[in-house]
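Written below as structure tokens is the structure these notes are about.
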Amino acid sequence: MCGIVGYIGHREAYPIILKGLKRLEYRGYDSAGIALYDGTDIKLSKTKGKVSDLETRLENEISTHGSLGIGHTRWATHGVPNDINSHPHYSNSGDLVIIHNGIIENYESLKKELIKRGYNFKSDTDTEVLVNLIEDVKKNENIKLGKAVQIALNQVVGAYAIAVFDKNKPNEIVVARLGSPLAIGIGEDEFFIASDASPFIEYTKNAIYLEDEEMAIVRRNKGVKIRKIKDDSLVDPYVQALQLNLEQIEKGGYEHFMLKEIYEQPSAILDTFRGRLLSNEGIIKMAGVEDNMKKFLNAHRIIVVACGTSWHAGLVSEYIFEDLARIPVEVEYASEFRYRNPVITENDVVIAISQSGETADTLAAIKLAKSKGAFVFGVCNVVGSSIARETHAGAYTHAGPEIGVASTKAFTTQITVLTLIALRLARAKGTISSSDYRHHLIELELIPEKVKKALESDAYVKSIAAIYKDVHNFLYLGRGYNFPVALEGALKLKEISYIHAEGYPAAEMKHGPIALIDENMPIVVIATKKGHYEKVVSNIQEIKSRKGKIIGIVTEGDKQVKGLADHVIEVPETIESLTPLLTTIPLQLLSYHIALMLGKNVDQPRNLAKAVTVE
Ligand code: AGP
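In our numbering, the protein residues as written are 66 to 680.
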């Protein structure tokens, strides 16, 4: 997720774009850049680092004059954060310059074709491929920029919000969107382009939000012409008068980043398997796995090292890897692993999971494993982070920045990546039939829509939160794939509402925790139809006989638990290995609403940091 800003009008573009980029840094902040048309040529400056680093660089690098410009603050997906990979990107001729938020899935094949036609590339990004594809079409067809963009985008597979201009036609900016947001601010003889309205809300409250597969040509003094990318047909612009304030816009209209990120999970999961899960062809494509397939297939075991929520995702992966790929897995708290003098050999594959890519204990565990000859594979959300650089290979979650301290979309996108890896290895080892394999791919592809459905229980979950917000203890129970989800649900509640909560394997109740149960104790029981359902039902009956208050997380349409529990929250049906991606949703919402009702700081809970970069 990156931030894009553009301006064309009668004012100096630079100050508007720079301030706009600062407003969008919550969308990505590993590198930034600006391109301005100064009346004769394009002046471009870009740098690894924050917008403030760009500002410092700009002070003495380029003239910041000009009333046409574009700017970008990056959250890397292809190409590590460095000056060269930062946006904007020039076309080979230097006539065009582009900024882009999204992922072009077929950029490698497009790049190969363009190289054959004599194009060269300075960066590793998909964006530089796109701007040269547009240039190639424009030159070959001898057409205007807008038409060239329309033709080029019909060759592109993936997600984008782009802004591009031609120094030979400095009275227009061309923009387009598919899968990534793009807003056009309509001022008095001036126009603003941005990922959301925060960069221009102080100048105008009139905005057009492009729909998917729409593009627009924004002309100085002439206005906005919107077209369908597919067939170039004209679209009537719908200008909205915005009511949101700046803070609400940064949070996408949600009250907190945590809630925004909970609701971003359908798109975050989709972005994470985009270009990797090709269910029509029945294949999973992950370069980091393909390039190291032998190491994975010869591994005597997989050791997962992580902390907190990432450790819970690792625990889910233990069930997935052993169940599907039949590879022994050990899941270790990184903080314990690094000090307990573990037995590690070169036959071990270590998978390090970390949203921030900066967790000190996980980084130390990686270095220990490497020193003993193990192959280390990283699953991170921050491109170019310390852990991403320290591991031998890896696969990124494409969740976009997670600002709320309580991890939500990180958890579900980590499980998504780990599921893809396990399925790919199971296929390679022949431990899964091709029909089962295809079934898993199709079910995984349906998950974003099923997460959206699970989110529809939000209001009902909020009503349950109101009943139990003042209790002092919660118990979370789950079996099999959902035992780690019980742990994760308890952690969510603890870390933002400060209510004590414990997660347990449901069958463990009889070995102690059942002594805790009385009419004051709410117990969340994950009782989806898949996986030991009858056994969980008998656990529920044991709780009921002790007057415990039962909140059941059930498969939609469930009748049996409904007849036993005090409340049931339904999630859509899916295959057993994918249930954690759905059952965790109501638990995230429950903790959010309880914390909010208790007046806690949901996004920055006390004593916690987003990344624990010290021991
Ligand atoms: C979870 O909600 C917490 N934010 C915390 O447990 C976190 O998962 C843990 O600190 C690991 O962070 P990482 O994924 O960035 O390594």
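Quick reminder that beta carbons are idealized off the backbone N, C-alpha and C, glycines included.
request  = Please name the residue in 85, 117 and 144 whose C-alpha comes closest to that of residue 447.
outcome  = 144
ask   = Any heavy atom of the ligand AGP closer than 7 Å to the Cβ of residue 681?
value = Since the first and last residues shown for the chain are 66 and 680, residue 681 lies out of range.
ask   = Would you call residue 304 buried or exposed, if buried means 16 or more other Cβ atoms sit within 10 Å of its Cβ?
value = exposed
query = By the 10 Å Cβ neighbour count, where 16 or more other Cβ atoms means buried, how is residue 569 classified, buried or exposed?
reply = buried
query = Can you tell which of 642, 83, 109 and 112 has the C-alpha that lies nearest to the C-alpha of residue 388?
reply = 642
query = Nearest to residue 396 by alpha carbon, out of 75, 158, 619 and 549?
reply = 549
query = Is residue 487 near residue 357, with beta carbons less than 8 Å apart?
reply = no
key: Start and end residues, beta strand (DSSP E) containing residue 635   = 632-636
key: heavy atom of the ligand AGP below 7 Å from residue 656 C-beta   = no
query = Is it true that the CB of residue 605 sits closer than 8 Å to the CB of residue 629?
reply = yes
inquiry  = Suppose contacts are defined by Cβ-Cβ distances below 8 Å. Is residue 636 in contact with residue 618 by that definition?
reply    = yes
query = Any idea what DSSP makes of residue 405, helix, strand or coil?
reply = coil
message = Give me the residue from 297, 491, 192 and 218 with the minimum Cα distance to residue 391.
response = 491
task = Return the first residue and the last residue of the beta strand (DSSP E) that residue 266 is part of.
result = Where residue 266 is concerned, there is no enclosing beta strand (DSSP E), given that its DSSP letter is neither H nor E.
key: Of the listed residues 96, 350 and 631, nearest to residue 171 (C-alpha basis)   = 350
ask   = So residue 425 packs on residue 678, CB below 8 Å; how close in whole Å?
value = 5 Å
message = Considering only heavy atoms of the ligand AGP, does any lie closer than 7 Å to the CB of residue 703?
response = Limits of the chain in this structure are 66 at one end and 680 at the other, which puts residue 703 out of reach.
request  = Tell me whether residue 507 is buried or exposed, calling it buried when 16 or more other Cβ atoms sit within 10 Å of its Cβ.
outcome  = exposed
inquiry  = How far does the alpha helix (DSSP H) with residue 377 in it extend, from its first residue to its last?
reply    = 373-385
ask   = On the three-state DSSP scale, how would you describe residue 587?
value = strand
request  = Have a look at residue 288 and residue 260 and give me their C-alpha separation to the nearest angstrom.
outcome  = 19 Å
task = Can you say whether residue 231 is buried or exposed, counting buried as having 16 or more other CB atoms within 10 angstroms of its CB?
result = buried
query = Considering only the beta carbon of each residue, do residue 131 and residue 321 sit closer than 8 Å?
reply = no
ask   = Taking 7 Å as the cut-off, does the CB of residue 649 come closer than this to any heavy atom belonging to the ligand AGP?
value = no
ask   = Within 10 angstroms of its Cβ, does residue 541 collect 16 or more other Cβ (buried), or is it exposed?
value = buried
ask   = Can you find a heavy atom of the ligand AGP that lies under 7 Å from the Cβ of residue 477?
value = no
8 Å Cβ shell around residue 127 - same chain, five flanking residues per side excluded = 101, 108, 109 and 110
message = What does the alpha-carbon distance come out to for the pair residue 476 and residue 646?
response = 9 Å
message = Judging by CA-CA distance, which residue of 290, 333 and 410 is the nearest neighbour of residue 280?
response = 290
Selection from 414, 503 and 440 that minimises the alpha carbon distance to residue 348 = 503
For residue 362, the three-state DSSP class (helix, strand or coil) = helix
Neighbourhood of residue 479 by C-beta distance below 7 Å, restricted to the same chain and skipping five residues each side = 375, 378, 418, 444 and 462
message = List, from N- to C-terminal side, the alpha helix (DSSP H) runs of 4 residues or more that fit wholly inside the region 240-267.
response = none
ask   = If you follow the beta strand (DSSP E) that residue 101 is part of, which residue opens it and which one closes it?
value = 96-102
task = Would you mind sorting residue 94 into buried or exposed? The rule is 16 or more other CB atoms within 10 Å of its CB.
result = buried
message = Quick check: what's the CA-CA separation for residue 408 versus residue 440?
response = 14 Å
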